[in-house]
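Data block below; observations after.
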Amino acid sequence: SRPVVFAQIWKSWFSSHSLVGNKNIILMGPPGAGKTTVGRIVGQKLDCPVIDIDDDVLETTWNMSVSEKLQDVGNEQFLEEEGKALLKFSASGSVISLTGSNPMHSAGMQHMKRNGIVVYLDVPTTVIMSRLKSMKVDRIVGQSPGISLKDILQFRKQFYKRWYDIRVLCGGDIAAEVVAEKVLDALKRYQNSELETFISTRSSRSGRSMEKDSHKYFSDVVTEGLAPDGGLFVPEGGLLKFTTGEWQSLVEATYIERAQVILERCIHPADVPASKLAEIIGTAYGENFTCSKIAPVRHLAGNQFLLELFHGPTASFKDFALQMVPHIFAYCIPRNCNYLVLVATSGDTGSAVLDGFSRLHDTDKQRIAVMNFFPEDGVSPIQKSQMIGCQKENAWSVGVKSDFDFCQTAIKQIFTNSDYTGFLTVEYGTALAAANSINWARLLPQIVYHASAYLDLVHQDIIPFGSPVDVCIPTGNFGNILAALYAKMMGIPIRKCICASNENNVLTDFIRTGVYDLRGRKLIPTFSPAVDILKSSNLERYLHLIANEDGQLVTQLYNQLENQGHFQLRKDLLEKLQQDLVAGWCSEEDCLAAIHSVYSTTGYILDTHTAVAKVVADRLQDRTCPIIISSTAHYSKFAPAILRALRIAEINQNPLSQLHLLSSYSPLPPVHWGLLETLKKKGNEDHQVCAADMSMLMSRIETLIQNHFM
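Going letter by letter, the sequence shown gives residues 1 to 710 in UniProt numbering.
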């Protein structure tokens, strides 16, 4: 009975949506993707005409079969005549199944797209090959001696990717009936962007029902950063899941292909269309990463694997988000306003933000600038040189005479000071935005690499899909580990997320006891500065999630933290949290010892943050499944600590000399070239320094706006 009811619902839905009422649903994909069969089923369900380009257009126009025509005129001429037939064709309110080669004719496809929504049936190449073999298809357009079927299918992907509005993943042995339902679901999502809204972690349910007209969409949360009530934006109802079959269809895919598919599920096409998203992902990961695999997984020892996240231009995991987010931001913001992006950094974020925003197109640089606040004496010398070296005409660094927590709290206060932000808008036509991991868009690219690491282990035959893995992540602001939890929610079989702290172990205590307690705690500077954090911003998003979106509870907890310096989680929520998370911490001594011992046994150098995770992983893993350790930064950034750990006498305080010294040991992986380039730049001493005073920070911001935008 379900399909009948389903079809009735669909008919009523489509008839009430005039957009699809007269538009065509155009099915596109490789030969053997099932376009004809799926088209018939979709047409039946919607009670609308079905047109198969092969049978109903080409063969009737040519009075011969398609394969005869191909033999008759050859590849080039065939594509031309096929395209001409498309240009003469018109229909409305129909389901149309294209041929596998239609998308290779640009003018023909533009003509079709004008009155249609193009749905790409994305079937893995290996599946298509075996289908074509069993269908005894021996000739397709483009085939000639020396060119394999696989080569042609790979070559064609670029054309499919150019035209589609909606992708439907069709893994393995999936029935046409199931694909048809997926097509209808995908169309429904495409048409209903208003269903994918965002809420604040601090908004109450009653408040939400009253504010139905003030919905926030992806574009809004990217530009606004922090919610007006001081909470963080999260998708209402969580993220969309993938089926096992859909994940399996990505096992053979490249990193860029996986990123595209996963991010399409997280970002509605009304906010960023698939074609624009593809362009942004291509720009972000195309040439800026030193490793072609982008985020390779390397076997370390036993059941431990390293996810190398330091191959980006500024040598830390922050590059994954910050090579992408500036382009998404530039696409989403209104054209008639200038934006100043504020960021606080404990080390790696600063240079990654500066680098990412300085790569924007010149026209975007004129209306988007970035200002980076970092603790003047709380980052490594190399990190500092890097942040100063990454300054460009629209990107500046300011050293603050305080710690990271002050910088982060100051930015939050500036954002929620409506008098000040209003003044900037009225006086200078400039709005403020955030690029810290409090910005939702920062988290999405991180989900991709956690999912990709798991798929790599499947691809390397280390585990079959469905077998669990643990992940261990050095954690400060809780963004990276939250992205792993989101990957788990979307269907990646992660068993436990292991949270690794250094001596600033407030999170370890919290995960073990449910008590978040900042009373009497002072920040301890360590060899792993990126996790020298006491107030974990993204933890709020996770608590909101396990509390079933209870914004009132989250508000209560964070008000208590703000006013009394601590809060305690209810017992039922702590139990829920402990199903996902375990935690441990690592002393400075153990961190250096781990770097030494791994180098002695394998020749591989861990950075200080990865060493923290390695120590905690050794203590907490039970060895019943693989464990993926996030290697979040390149060791080159922390040369003095590494030289000390490897017991190499430090000959010089100069960061560049330290890197050359490390390089002389022919280490694995090699010293990071991007870092060397940045440090070689002259003028690395120029940057502004500011006291830990809110009014001074605000006047710095104003001066910068006057200089850049006025």
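Idealized CB from N, CA, C, for every residue including glycine.
Inter-residue Cα distance where the pair is residue i and residue j
| i | j | result |
| --- | --- | --- |
| Arg2 | Glu181 | No answer about Arg2 holds up, because its pLDDT of 30 lies below 50 and its placement is not dependable. |
| Glu287 | His566 | 46 Å |
| Leu697 | Gly399 | 11 Å |
| Ala691 | Asp405 | 14 Å |
| Leu518 | Val471 | 27 Å |
| Asp319 | Val353 | 8 Å |
| Leu507 | Ile627 | 20 Å |
| Asn480 | Lys496 | 14 Å |
| Ile388 | Gln408 | 19 Å |
| Trp163 | Glu589 | 56 Å |
| Leu643 | Ala649 | 7 Å |
| Tyr420 | Val222 | 20 Å |
| Gly80 | Met64 | It is Glu, not Gly, that sits at residue 80 in the sequence shown. Those two C-alpha atoms are separated by around 17 Å. |
| Val137 | Asp461 | 31 Å |
| Glu677 | Ser600 | 29 Å |
| Lys188 | Glu196 | 12 Å |
| Pro669 | Arg623 | 26 Å |
| His660 | Asn652 | 11 Å |
| Val42 | Ala33 | 15 Å |
Endpoints, alpha helix (DSSP H) assigned at residue i
| i | result |
| --- | --- |
| Ala180 | 176-191 |
| Met112 | 106-114 |
| His609 | 608-620 |
| His566 | Taken as a continuous stretch (DSSP letters only), His566 belongs to no alpha helix (DSSP H), being part of the beta strand (DSSP E) at 566-568. |
| Thr430 | Taken as a continuous stretch (DSSP letters only), Thr430 belongs to no alpha helix (DSSP H), being part of the beta strand (DSSP E) at 430-434. |
| Ile648 | Run containing Ile648: none; DSSP gives neither H nor E here. |
| Lys35 | 35-46 |
| Ser663 | 655-663 |
| Gly476 | Careful: Gly476 lies outside any alpha helix (DSSP H) and carries neither H nor E. |
Start and end residues, beta strand (DSSP E) containing residue i
| i | result |
| --- | --- |
| Lys496 | 494-501 |
| Pro235 | 233-235 |
| Asp517 | 515-517 |
| Ile51 | 50-52 |
| Tyr486 | Segment 479-489 is the alpha helix (DSSP H) holding Tyr486; no beta strand (DSSP E) there. |
| Ser97 | 95-97 |
Where residue i sits in the DSSP three-state scheme
| i | result |
| --- | --- |
| Val5 | Residue confidence is low: Val5 scores 42 on pLDDT, short of 50, so the model does not pin down where it sits. No coordinate-derived value is stated. |
| Asp633 | Checking the sequence shown, residue 633 turns out to be Ala, not Asp. Strand at Ala633. |
| Thr314 | coil |
| Lys11 | Summary for Lys11: the model assigns pLDDT 46, below 50, so the residue's position carries little reliability; its value from the coordinates is reported in the next sentence. Helix. |
| Asn24 | strand |
| Phe89 | coil |
| Ser16 | In this prediction, Ser16 has a pLDDT of 40, which is less than 50 and means its spatial position is unreliable; nothing more can be read from the coordinates. |
| Phe289 | coil |
| residue 712 | Nothing about residue 712 can be reported from this structure: the residues present for the chain run from 1 to 710 only. |
| Leu697 | helix |
| Ser249 | coil |
| Gly347 | coil |
| Ala583 | strand |
| Lys276 | helix |
| Tyr255 | helix |
| Leu507 | helix |
| Tyr160 | helix |
| Pro381 | helix |
| Lys365 | helix |
| Ile525 | A small fix is needed here, since residue 525 is Pro in this sequence, not Ile. Here Pro525 sits in coil by DSSP. |
| Lys535 | coil |
| Pro269 | coil |
For residue i: DSSP bridge partner residues
| i | result |
| --- | --- |
| Ala395 | Val370, Lys392 |
| residue 717 | The structure shown does not extend to residue 717, since the chain spans only 1 to 710, so no value can be given for it. |
| His299 | Phe305 |
| Ser200 | Phe233 |
| Leu561 | According to DSSP, which records beta bridges pairwise, Leu561 is partnered with nothing at all. |
| Asp122 | Leu169 |
| Gln688 | Val398 |
| Asn338 | Thr430 |
Supposed close pair residue i, residue j - CB separation, criterion 8 Å
| i | j | result |
| --- | --- | --- |
| Ser452 | Arg258 | 5 Å |
| Asn24 | Ser94 | 5 Å |
| Ala613 | Ser630 | 6 Å |
| Val119 | Leu27 | 5 Å |
| Asn325 | Ala435 | It should be pointed out that residue 325 corresponds to Val in this sequence rather than to Asn. With a Cβ gap of about 7 Å, Val325 and Ala435 count as contacting. |
| Tyr674 | Thr314 | A small correction: the amino acid at residue 674 is Gly; Tyr does not occupy that position in the sequence shown. Indeed they touch by this definition, with Cβ atoms about 7 Å apart. |
| Gly466 | Pro445 | At roughly 25 Å, the Cβ-Cβ gap does not stay under 8 Å, so Gly466 and Pro445 are not in contact. |
| Gly347 | Pro525 | No, Gly347 and Pro525 are not in contact; Cβ-Cβ is about 11 Å, not under 8 Å. |
| Ala295 | Leu309 | 6 Å |
| Val531 | Pro474 | 5 Å |
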